[in-house]
């Protein structure tokens with residue numbers, strides 16, 4: 425019935441700002457760009473952003489959901505330093521657990537993005 429996740433997408437009020445953040449700050453490869461949609465390649469998976477107008481959006485979609493994209497980063501400390509250098513706002517700083525290392529930050533629209541480095545034994 426379900427073969428794979430086709431893509432993940434976030435909504436954005438400002439497509440140009442999102443393009444700059446995901447392409448220039450995160451360094452993702454741009455695959456598709458038009459006036460309403462941008463799409464990036466992330467290790468063979470697709471991450472997209474769709475432009476929305478907050479005046480015409482339904483009230484229940486005005487705030488980010490609990491969904492979060494997790495990007496694998498090795499070493500995670502290097503990714504965190506790069507993002508901090510680019511003034512990215514972190515929601516949670518580096519956390520180390522038996523399950524790996526994590527940190528979360530927000531894109532310019534407030535969408536939550538996670539960084540994840542698996543533990544050495546699972547690498």
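Numbering (our numbering), first residue to last: 425 to 547.
Idealized CB from N, CA, C, for every residue including glycine.
These figures come from a predicted structure and were not determined experimentally.
Residue i - partner residues in DSSP beta bridges
i	result
residue 454	464
residue 540	496, 526
Proximity winner among the options, relative to residue i (alpha-carbon distances)
i	options	result
residue 495	536, 474, 460, 436	536
residue 517	500, 492, 450	500
residue 532	459, 450, 454	450
residue 491	426, 433, 428, 429	433
residue 428	448, 453, 468	468
Chain-order list of residues whose beta-carbon lies under 6 angstroms from that of residue i (same chain, five-residue window excluded)
i	result
residue 485	Here residue 485 scores only 48 on pLDDT, less than 50, and its place in the model should not be relied on; the value that follows carries that caveat. Excluding positions up to five away in sequence, the list is empty.
residue 435	474, 476
residue 543	524
residue 426	none
residue 442	436, 473
Residue i, enclosing beta strand (DSSP E) - first and last residue
i	result
residue 474	469-475
residue 501	It is not in any beta strand (DSSP E) - residue 501 instead sits in the alpha helix (DSSP H) that spans 500-509.
residue 530	524-530
residue 519	514-521
residue 435	432-436
Residue interval of the alpha helix (DSSP H) (run including residue i)
i	result
residue 440	439-443
Cβ-based neighbour list, residue i, same chain, cut-off 8 angstroms, excluding 5 preceding and 5 following
i	result
residue 455	463, 464, 465, 470
residue 505	none
residue 452	446, 464, 465, 466, 471
residue 510	449
Cβ shell of residue i (< 7 angstroms), same chain only, five flanking positions each side left out
i	result
residue 445	531, 532
residue 515	528, 529, 530, 536
residue 503	497, 539
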